[in-house]
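Asker:
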Ligand SMILES: [Zn+2]
Ligand SMILES: [Zn+2]
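In this note's numbering, the protein residues as written are 4 to 261.
(1) Answer yes if the region 158-169 comes into contact with the region 193-212, meaning at least three C-beta pairs across the two stretches below 8 angstroms, and no otherwise.
(2) Please determine, among 171, 8, 155, the residue with the shortest C-alpha to C-alpha distance to residue 121.
(3) Quick one: what's got a C-beta closer than 6 angstroms to residue 110's C-beta in the same chain, skipping five residues either side?
(4) Quickly, what does DSSP pair residue 165 with across the bridge? List them, please.
(5) Please state whether DSSP places residue 133 in a helix, a strand or coil.
(6) Return the residue from the list 151, 113, 149 that minimises the CA-CA distance to residue 136.
(7) Got a sec: does ligand 1 put a non-hydrogen atom nearer than 7 angstroms to the Cβ of residue 126?
(8) Residues with a Cβ closer than 7 angstroms to any heavy atom of ligand 2, in chain order?
(9) Residues in the same chain with beta-carbon distance under 7 angstroms from residue 50, minus the five sequence neighbours each way, listed in chain order, please.
(10) Mapping DSSP to helix, strand and coil, what is residue 3?
(11) Mind pulling the beta strand (DSSP E) runs of 3 or more residues that sit fully within the region 69-130?
(12) Just to confirm, does residue 79 get its C-beta within under 7 angstroms of one of the non-hydrogen atoms of ligand 3?
(13) With three or more beta-carbon pairs closer than 8 angstroms as the criterion, would you say the region 65-83 touches the region 162-173?
(14) Is residue 63 buried or exposed, if buried means 16 or more other CB atoms sit within 10 Å of its CB?
(15) Could you check whether the region 168-181 touches the region 215-233, counting it as contact only if at least three pairs of C-beta atoms, one from each stretch, sit closer than 8 angstroms?
(16) Tell me which same chain residues have a C-beta within less than 6 angstroms of the C-beta of residue 171, skipping the five on either side of it?
(17) Note the first and the last residue of the continuous beta strand (DSSP E) segment covering residue 60.
(18) Can you tell me where the beta strand (DSSP E) with residue 253 in it begins and where it stops?
(19) Tell me residue 43's beta-bridge partners as DSSP assigns them.
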């Protein structure tokens, strides 16, 4: 049995990091916020930064990599990142560039009993990827920071038992909110962030293909509420005659998917 345990350490526009364990191997997806914050969040979740064998980066925006220069300086953990993202966000940082493992947009890497495979997302960074993580009898899909979910991205995580999907905004809250017109258009675009309704549509497809647990991630603190995101996804699942455990990730505290 190689169950993959997933804990969102924190998730949102201020910083993102997901702690993943399987057998004796621990990895992180992204490392936003300050290095000290990441270390503390990890130990609160029962982990230790010294036990992390690799860090996989989705894209070069600071809410996903801001801890990694200091983490790289202190612990020399390999950081897997696409070359396109590295050129923009990583190679200018000396310690991070010394541990960076550069990849083509679609790549696959072993981490202990897990295989981590990337796929393309649609976001206004140089490059943005999601990840599918497989062990011999478990699987996890991670799709955050994407304006929409393409058929290819959906297929990449089809069959995963646990999925982490972005539920960034409620469209009405965003449209009526304080953001500037330009920023609203950016978030709503196909290279922006995923709405609750788009997330719900993807969750229905993924639960039809076997997903049992859905963690809603990267919620906007300005343009969303956890209860709205959950209601959108649970309502869509119910209307489709499906059920799953639906959780929301917090911007500050750890959320373990059980
Ligand atoms: Zn981003
Ligand atoms: Zn982000």
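Where a beta carbon is used, it is the ideal one built from N, C-alpha and C, also for glycine.
If you're wondering where the values come from, they're calculated on a predicted model, not measured in any experiment.
Answerer: On the basis of the supplied data:
(1) yes
(2) Ranking the options by Cα distance to residue 121, first place goes to 155.
(3) 121
(4) 143, 216
(5) strand
(6) 113
(7) Yes, since a heavy atom of ligand 1 falls inside the 7 angstroms radius drawn around the Cβ of residue 126.
(8) 16, 19, 64, 66, 67, 147, 148, 221
(9) 22, 29
(10) The structure shown does not extend to residue 3, since the chain spans only 4 to 261, so no value can be given for it.
(11) 82-85, 103-106, 111-114, 117-123
(12) Among the ligands present in this structure, namely ligand 1 and ligand 2, ligand 3 is not found.
(13) The region 65-83, when compared against the region 162-173, does not touch it at the 8 angstroms Cβ threshold.
(14) A residue is called buried when at least 16 other Cβ atoms come within 10 angstroms of its Cβ; residue 63 meets this threshold and is buried.
(15) yes
(16) 196, 197, 221, 223
(17) Run containing residue 60: none; DSSP gives neither H nor E here.
(18) Neither: residue 253 is in no beta strand (DSSP E) and is coded neither H nor E.
(19) Answer is none; residue 43 lacks a bridge partner.
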